[in-house]
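K.L.:
For what it's worth, the working numbering labels the leading residue of the sequence shown as 5, then goes sequentially.
Cβ coordinates follow ideal geometry from the N, Cα and C atoms, glycine included.
I have a structure I would like to understand better, so I am pasting it below and will then ask my questions one at a time.
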Amino acid sequence: MTTKLNPSMNRSFSNWMLPGGPVLAVVIAWISWQNGLSGSAAGCAAVAIVCATWWIFECLSIAVVGLVPFVALPILGVVDHKNVAASYGHTMILLLLGGFLLSAAMERSGAHQRIAIMMVRLVGGHGGRRIVLGFMLATASLSMWISNSATTLMMLPIALAVLQQAGDPRLRTPLLLGIAYAASVGGMATPIGTPPNIVFMGQLYERTGSELPFATWMSIGLPITMILLPIIWWWVTRKIGPTERIKMPEMGPIANNEVRVLAVFAVTAVLWVFRSGPFGGWSAWMPGGNDMIGDATVALAAALFMFICPSGRESDEFGQTDRLLDWQTAANVPWGILIMFGGGMALATGFQDSGLSQAIGGQLTFLAGSPTWVIVLSICFLVSFLTEITSSTATAMLLLPILAEMADQLGLPPAMLMIPGTISCSCAFMLPVATAPNVIIFGAGGIRTDEMARTGLVLNFIAAFVITGMCLWLVP
Numbered sequence: 005m006t007t008k009l010n011p012s013m014n015r016s017f018s019n020w021m022l023p024g025g026p027v028l029a030v031v032i033a034w035i036s037w038q039n040g041l042s043g044s045a046a047g048c049a050a051v052a053i054v055c056a057t058w059w060i061f062e063c064l065s066i067a068v069v070g071l072v073p074f075v076a077l078p079i080l081g082v083v084d085h086k087n088v089a090a091s092y093g094h095t096m097i098l099l100l101l102g103g104f105l106l107s108a109a110m111e112r113s114g115a116h117q118r119i120a121i122m123m124v125r126l127v128g129g130h131g132g133r134r135i136v137l138g139f140m141l142a143t144a145s146l147s148m149w150i151s152n153s154a155t156t157l158m159m160l161p162i163a164l165a166v167l168q169q170a171g172d173p174r175l176r177t178p179l180l181l182g183i184a185y186a187a188s189v190g191g192m193a194t195p196i197g198t199p200p201n202i203v204f205m206g207q208l209y210e211r212t213g214s215e216l217p218f219a220t221w222m223s224i225g226l227p228i229t230m231i232l233l234p235i236i237w238w239w240v241t242r243k244i245g246p247t248e249r250i251k252m253p254e255m256g257p258i259a260n261n262e263v264r265v266l267a268v269f270a271v272t273a274v275l276w277v278f279r280s281g282p283f284g285g286w287s288a289w290m291p292g293g294n295d296m297i298g299d300a301t302v303a304l305a306a307a308l309f310m311f312i313c314p315s316g317r318e319s320d321e322f323g324q325t326d327r328l329l330d331w332q333t334a335a336n337v338p339w340g341i342l343i344m345f346g347g348g349m350a351l352a353t354g355f356q357d358s359g360l361s362q363a364i365g366g367q368l369t370f371l372a373g374s375p376t377w378v379i380v381l382s383i384c385f386l387v388s389f390l391t392e393i394t395s396s397t398a399t400a401m402l403l404l405p406i407l408a409e410m411a412d413q414l415g416l417p418p419a420m421l422m423i424p425g426t427i428s429c430s431c432a433f434m435l436p437v438a439t440a441p442n443v444i445i446f447g448a449g450g451i452r453t454d455e456m457a458r459t460g461l462v463l464n465f466i467a468a469f470v471i472t473g474m475c476l477w478l479v480p
């Protein structure tokens, strides 16, 4: 995630903000303390400002910045070292780890490519707008379960092969933009679809002491995805005329390891969806009831099974049985993201324990007389345009504690403001640098920045209204 298209300019900002972030943090914290903010709240604000500036300007690796709260919060007397450490081992971080491991197993087997090509053939076999729809549906479906960037990287070579086969230059921009946008929108549908969703789940748990069930999130996120996808498809393909039928790449017979990975994925998804409902869910039948098993338990149990289950392929030259998932593959999951999440969870704890979130929320009481839909729509606009220039994950980690306190001050359930804000983190459609899928697609060439900006601007506005309406209707 970068903030500028010019690399040298971006590096210059990074070099300046490495010392500039702490200086800015000290100045703002001191002014806030002089104006009545408690010492611990001012210290927490300083840590948050340092993390925000270093994340935004990429002064250091995101994982390194994620370690700042672990060191700084105890030193400044905001949170003790044991509670800070607990944030880095939070159940939502383990859920994300499980999701990464399952995604790695899927990619290792190649089953995701088979699913993608089958879906594109099913829907888009007639060329033109239909081929874009097929790619978008396949991309969104995969992005629900594996990372947006991995999905885009996997779909891109298939799309480029199809474009070469078609020989129609009109297809390039709609198809590539459709894939990038579908990857972002698909991630909205499940709690593990994109990192901001996991950030929300963790911070809501810290705030309320209860988890939002997997199925409850899907009952909100999936309808939004299903509404936005056809709108985006219509918008990006509105200028495409009739084209000839396009031949898709051929896939060989399905392999044993693909079948087994898909079976584990299917069982895992069912266990997630029905863990807490209906009728109390299957976890209510376990010793200790619902409180003993969480979504992270399911994710890591599935990952552990992948490590144990033979893939069905031949053993290697040393007689070692090939498994669905091995440690060499697992070692390549983005461990740095987990540390970054730990830092975000630690910051959320600091916001609440120090009283900083209450202090910020108290400054927002002027919104008390505004209709809920105006507040929610404003949040959606703010977040969607903010994430055009900042990391969506960092935005979620920094804004969600404030939105939670804001909801309390306004007499609303925390989820009523936090969920629209979280989903809006996935709605940066304008700039090539806004999301990983945008960067990947733009790097393939053939898309102008101004063209993406014009297309994405309209979609940013549409998404804000759709998210507002659906959240007001569906958020419990």
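#1: Between the alpha carbons of V82 and L71, how many angstroms are there, rounded?
#2: For Q184, which residues from the same chain have a beta carbon less than 6 Å from its beta carbon, with the 5 sequence-adjacent residues on both sides left out?
#3: Going by C-alpha distance, which of A438, M434, A363 is nearest N485?
#4: Measuring only the C-alpha atoms, how far is P26 from A432?
#5: For a test of the three-state rule: what should DSSP assign to R327, helix, strand or coil?
#6: So within the stretch 218-304, which uninterrupted beta strand (DSSP E) runs reach at least 3 residues, ignoring any that extend past its ends?
#7: In this structure, how does DSSP classify P418 when only helix, strand and coil are distinguished?
#8: Which residue wins for smallest C-alpha separation from S214, given the options W286, I383, D295?
#9: Compute the distance between the beta-carbons of A108 and S147, then report whether it is under 7 Å.
#10: Of the choices R118, N87, A163, whose alpha-carbon is the least far from that of L137?
#11: Taking CB distances under 7 Å as the criterion, tell me whether V470 reaches chain C.
#12: So is W34 buried or exposed if we call it buried at 16+ other beta carbons inside 10 Å?
#13: Distance, Cα to Cα, T220 vs Q38?
#14: According to DSSP, what are the bridge partners of P314?
#15: Can you tell me where the alpha helix (DSSP H) holding M456 begins and where it ends?
#16: Cα separation between G346 and Q207?
#17: Please return the same chain residues whose Cβ sits closer than 8 Å to the Cβ of P314, not counting the five positions on each side in sequence.
#18: What is the DSSP secondary structure of M5, reduced to helix, strand or coil?
#19: At the level of alpha carbons, what is the spacing between P173 and L167?
#20: What are the boundary residues of the alpha helix (DSSP H) that includes Q356?
#21: Do the stretch 342-357 and the stretch 384-392 touch if we need at least three Cβ pairs shorter than 8 Å?
#22: In angstroms with no decimal places, state the Cα-to-Cα distance between L98 and L304.
#23: Can you give me the start and stop residues for the alpha helix (DSSP H) that N152 sits inside?
P.N.:
Walking through what the data contain:
#1: Roughly 15 Å separates the two Cα atoms.
#2: Here the sequence assigns Ala to residue 184, which means Gln is not the residue at that position. These residues qualify, in order along the chain: P441, N442, I445.
#3: This structure leaves residue 485 out entirely; the chain is present only between 5 and 480.
#4: 28 Å
#5: strand
#6: If only uninterrupted beta strand (DSSP E) runs of at least 3 residues are considered, none is enclosed by the stretch 218-304.
#7: helix
#8: D295
#9: no
#10: A163
#11: The structure shown contains no chain C; it holds only a single protein chain.
#12: exposed
#13: The alpha-carbon atoms of T220 and Q38 are separated by roughly 44 Å.
#14: R327
#15: 453-478
#16: Note on geometry: alpha-carbon atoms of G346 and Q207 lie some 11 Å from one another.
#17: Closer than 8 Å at the Cβ level, and outside the excluded window around P314, lie T325, D326, R327, L328.
#18: Any reading at M5 needs caution, since the residue's pLDDT is 35, under 50, leaving its predicted position unreliable; the model's value is listed next. Three-state result, M5: coil.
#19: 8 Å
#20: 339-358
#21: no
#22: 8 Å
#23: 152-170
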